[in-house]
Amino acid sequence: MPDQPSTRSDSQDTTAWHALSAQDALQELDSQAEGISDAEAERRLERYGPNRLQQSQGRPWWRRLLEQFNNILMMILLVAAVASLGLGHTLDAAAIVGVVVIIALIGFVQEGKAEQALDSIRNMLSPQAKVLRNGQRQTIDAESLVPGDIVMVESGDRVPADLRLIEAKRLRTEEAALTGESTPVDKQLEPVEADSELGDRTAMAYASTIVVQGTARGLVVETGTRSEIGRISEMLRGVEQLKTPLLRQIDRAGRVLALFILGAALFTGLFGMLVHDQPLGEMFMAAVGLAVAAIPEGLPAIVTIGLALGVQAMAKRNAIIRRLPAVETLGSISTIFSDKTGTLTRNEMTAQSIWLPEGEICIDGVGFAPEGEFHRVDDGQASESALDLDELPALRHFLKVGVLCNDAELAEEDGRWLIHGDPTEGALVVAAAKAGLDARELRGDHDRHDAIPFESERKYMATLHELDEEPRLLVKGAPDRLLEMCHRQRGTEGDSVELDVKAWEERIHALSTRGLRVLALAERTLPNLDELSDEHAEEELVMLGLVGLLDPPRDEAIRAVKQCLAAGIRPVMVTGDHAVTARAIAQQLGFAQTERALTGREVEAMSDAELEDCILEVDVFARAAPEHKLRLVKAMQARGGICAMTGDGVNDGPALKRADVGVAMGIQGTEAAKEAAEMVLADDNFATIAGAIEEGRKVYDNIRKTITFLLPTNGGQGLAIMLAVLAGTLLPVTPLQALWVNMVVAVTLGLALAFEDAEPDIMQRQPRDADAALLDMFLLWRVVFVSVLLLAGVFGMFSWILSQGGSEELARSGAVNILVTGSAAYLINSRYLINSSLSWEGIFGSRPVWIAIGLVMLLQLAWTYLPFMQMIFGSAALGLNHWLMIVAASIALFLIVELEKWVLRRRDRHSQPAAASDPPQVT
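First residue of the sequence shown? That's 167 in my numbering, and the numbers climb one at a time after it.
1. Only counting runs of 4 or more residues, tell me where the alpha helix (DSSP H) segments fall wholly within the region 481-525, in order along the chain.
2. If Val386 and Ile869 are in contact, beta carbons under 8 Å, what's the gap, nearest whole angstrom?
3. Under 8 Å between the Cβ atoms of Pro878 and Leu956?
4. So, is Asp666 buried or exposed, given that buried needs 16 or more other C-beta atoms within 10 angstroms?
5. Name, in chain order, the residues that DSSP records as bridge partners for Tyr626.
6. Examine the Cβ distances between the region 469-485 and the region 854-861 and report whether three or more of them are shorter than 8 Å.
7. Figure out for me which residue from Leu993, Tyr998 and Phe1034 has the closest Cα to the Cα of Gly1020.
8. Hey, out of Gly657, Gly497, Pro637 and Val532, whose CA is closest to Glu596's CA?
9. If we count the other Cβ atoms within 10 Å of its Cβ and call it buried at 16 or more, is Gly581 buried or exposed?
10. How would you label Glu394, buried or exposed, when you count the other beta carbons within 10 angstroms and need 16 or more for buried?
11. Report the CB separation of Gly384 from Val297 in whole angstroms; it is logged as a contact under 8 Å.
12. Does DSSP put Thr389 in a helix, in a strand, or in coil?
13. Start and end of the beta strand (DSSP E) containing Phe787?
14. Can you tell which of Val377, Asp818, Gln193 and Met439 has its C-alpha closest to the C-alpha of Leu892?
15. How would you write the range of the beta strand (DSSP E) that Met709 sits in, first residue to last?
16. Apart from the five residues just before and just after Arg824, which ones in its own chain have a Cβ nearer than 7 Å to its Cβ?
17. From this set, Val784, Asp774, Ala745 and Val1069, which residue's C-alpha is nearest Phe757's C-alpha?
18. Under a three-way DSSP split, which group does Arg209 fall into?
19. On the DSSP letters alone, give me the boundaries of the beta strand (DSSP E) that Ile618 sits inside.
20. Less than 8 Å between the beta carbons of Leu311 and Pro326, yes or no?
21. Have a look at Val899, Gly819 and Val377 and flag the residue whose alpha-carbon is nearest the alpha-carbon of Ala452.
22. Going by DSSP in three states, Ile461 sits in which element: helix, strand or coil?
23. Specify the secondary structure class of Thr434 as computed by DSSP and reduced to three states.
24. Any idea if Val746 is buried or exposed, counting beta-carbon neighbours within 10 angstroms, 16 or more meaning buried?
25. Can you list, in chain order, the stretches of the beta strand (DSSP E) that have 3 or more residues and sit fully within the region 784-859?
26. Indicate whether Met811 and Phe503 have their beta-carbon atoms separated by less than 8 Å.
27. Could you tell me if Gln903 is buried or exposed, where buried requires 16 or more neighbouring beta carbons within 10 angstroms of its beta carbon?
28. CA-CA distance, Thr1094 and Gly525?
29. Span of the alpha helix (DSSP H) holding Thr747?
30. Which whole-angstrom value is the C-beta distance of Val378 and Thr339, which I expect to be below 8 Å?
31. Please list, in chain order, all residues of the same chain as Glu591 whose beta carbon is under 7 Å from its beta carbon, the five residues on each side excluded.
32. How do the region 631-649 and the region 676-695 stand: do at least 3 beta-carbon pairs fall below 8 Å, yes or no?
33. Arg673 and Leu731: beta carbons closer than 8 Å?
34. Helix, strand or coil for Ala703 per DSSP?
35. Classify Asp717 as buried or exposed, calling it buried when 16 or more other Cβ atoms lie within 10 Å of its own Cβ.
36. At what residues does the alpha helix (DSSP H) containing Ala1043 begin and finish?
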């Protein structure tokens, strides 16, 4: 390739691409309408660099570290440290600062890991581009685009680079990302003035804008930072930041908790001074100790880690979370509105049956391999002998029309047959290939003069070709739509006769009852016509025949539907297919309510109130358009349901945004759909949604378990200090010792529950109430109950050692160790909030839990026996009898909590005897 002019690489301003004709632009970039070669693309990629914008700078490390202290609980501790230093308690002050720094460092490191995880997920969302290279259609990462590439875009696509249009069919793009103008812009091919404003450059399609209608081919003229979007330094949206409603709820709870703790500390200090005549300095340190003991300073970091782990786990299961609040919402989903094709089914369309006026013909073979024969069908039975296509010219003509009114291509790569383009169209190309018709050769012999691209509103595609030496309009689309547009049908002698609507409707019904997706093909002769309009396609068509396409349900989708029903989640199919086909597939999948299917027209005829009345009784919606999806979501939400909605098209955006969790398809989905969604399915598989819901429930469960575990440790310490002051006795735990307990529990035990696997019955429970408080009455009861148990253990051990003649240091060592070992025992309880942990799996089934317990016990042994630790914290070496008592008390605590869980389970069984069998009802 000859070098481009040097000015080209220095500044894009030297070339006004919109002022050049398409041919001149191709010459300028030494390209051609069939694209460039792979080797040439590699050379240009080295020269121009990848097609990506400059990544925004993340938070610098020092700011992320400082933000760890931007927390009222941490601030209280820092103020306590300064005050302790002012009163001469240097060691206490240093210890408080040390613990605060350690907790901040843990949050800093883990938050850094969380941001890295989200960055990797952001990379998973990189868009794809359809290009022509080596004269063949390919799908590549948009980052690999180079100037000179030929790119194809269609409705719903995000334009991947700045394009000079060389073909455009009814193309309109939304350029709000560039111009701020949300009204779509009509595009055309003629050059415009060089000094035209950006919004008037109608021969261009710019990177990051969205195609809202039509199709086009364009020459890549600028990429990356040289594109218009790069030049004005606007960034594409990515995954959101880590602040979620759950974290905000915990922040609010932290502020309330801080006020409560400060109030309790102030009351305790004043009570000690006024009632027991204790010195100010001593009571101040007691108040500091209470605050230090009661503040769960590690909680926000641990919750953030839990969310980040959830996002990573979902990504491994092909569910890419774009907005973190979706992690929390997933656990509340009660209804999943799902597309059928490719999500519930395999998206491996195969033409199984063709119905012509002469009768039905069945086709051998499944999948995309062009191997199979055609057989006549008589009285429902296929003939054993293969059909000779020369005996039935109507079949050859039907297959030829199916290939020409079609954009898909069949290709063999690494020994596998693949479809580039829509699988439904691909099935027609494969069927023609089985008859010996080569799509590329046919399209070369019959050039396409114009086309009306498929849009969900019109439900058909039309192309204009020279066929049999005359201009012929070819139409492919939904059979009921084409029946409305046809007034005649092809006769058995090749002529056209009056359309027998009833006969065709019976044939459509017959194919649909087999679970086949049905398409109709029609044509019309249009002499002296070079440009199509909708009016040409929607009248005076001649029906050619029907094709029934098999798209079998995914095996994993069948299992996922069963799993969802057991979890109180209703799968609902929303499809553009015929109602009979949709019901047949829903029955194969195991949907609960398949006796009735509502069509899009029936939905349109209903008022909002009528739709709300039947939304809980119908699981199949057929012939549905994107606008119907939005009404279904609103109706379900009006009945109190929390719903997920899948979508792949640009027109699905409103429904995806309105749904509680919008789910876009990662393979078939448009960039517009992904932009509107909270979650993207990397594999377009319904089972992935069920997996993500399970992960969402697990994340929320683990966060609740972590909170329920951490707060009693703080509560037990705080209550011990408060009661000691109020009773005028010795403090069983000093402020420094309380800090130590907080640190080791948060650093070791507190992190363990974030790594817990899901409980076995997590997908047998009803969906969580989205409005339920994080700390409900049950959790508050558990926190208070265990806090009292730990309080009893601390005071019991402290008093017992003193009564045995032990020193204060020894008694406090016993109190601290029973607090930590009791917390370790309660950690095993906390693996299951209600279910029993009293089993081999419950006690020993979690490796992270036992690693955490092992670490905390090593730290406690060091704290108890190492001289420098004894000097800092005022601890003393415990004897064997003390450890036996500590272990016995910890086991007793574990058993008492298990007994409490047994009582709760027994109460729940008696109060809800039918809960396990009754289906979920949303009212």
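Using N, Cα and C, we set each Cβ at its ideal position, and we do this for glycine too.
So, to answer that:
1. 491-496
2. Not confirmed; about 46 Å, so no contact.
3. yes
4. exposed
5. Gly643
6. yes
7. Leu993
8. Correcting the residue identity first, residue 596 is Val in this sequence and not Glu. Among Gly657, Gly497, Pro637 and Val532, the Cα nearest to that of Val596 belongs to Val532.
9. Taking a 10 Å sphere around the C-beta of Gly581, we find fewer than 16 other C-beta atoms and assign the residue as exposed.
10. buried
11. Between Val297 and Gly384 the Cβ distance is about 10 Å, and since that is not below 8 Å, they are no contact.
12. coil
13. Unbroken beta strand (DSSP E) run through Phe787: Val786 to Ala788.
14. Met439
15. Leu707 to Leu716
16. Leu796, Val799 and Lys800
17. Val784
18. helix
19. From DSSP, the beta strand (DSSP E) with Ile618 extends over Arg614 to Ile618.
20. yes
21. Val899
22. coil
23. helix
24. Note on Val746: 16 or more other CB atoms within 10 angstroms of its CB, so buried under the neighbour-count rule.
25. Taking 3 residues as the minimum length, the beta strand (DSSP E) runs contained wholly in the region 784-859 are 786-788, 809-813, 827-831 and 845-847, in order along the chain.
26. The answer is yes: Cβ separation under 8 Å.
27. With at least 16 other beta carbons inside 10 angstroms of its own, Gln903 counts as buried.
28. The question about residue 1094 has no answer, for the chain in this structure spans 167 to 1089.
29. Ala745 to Leu755
30. 7 Å
31. Asn572, Asp573 and Ala574
32. yes
33. no
34. helix
35. Asp717 should be labelled buried.
36. Per DSSP, Ala1043 belongs to no alpha helix (DSSP H) and is neither H nor E.
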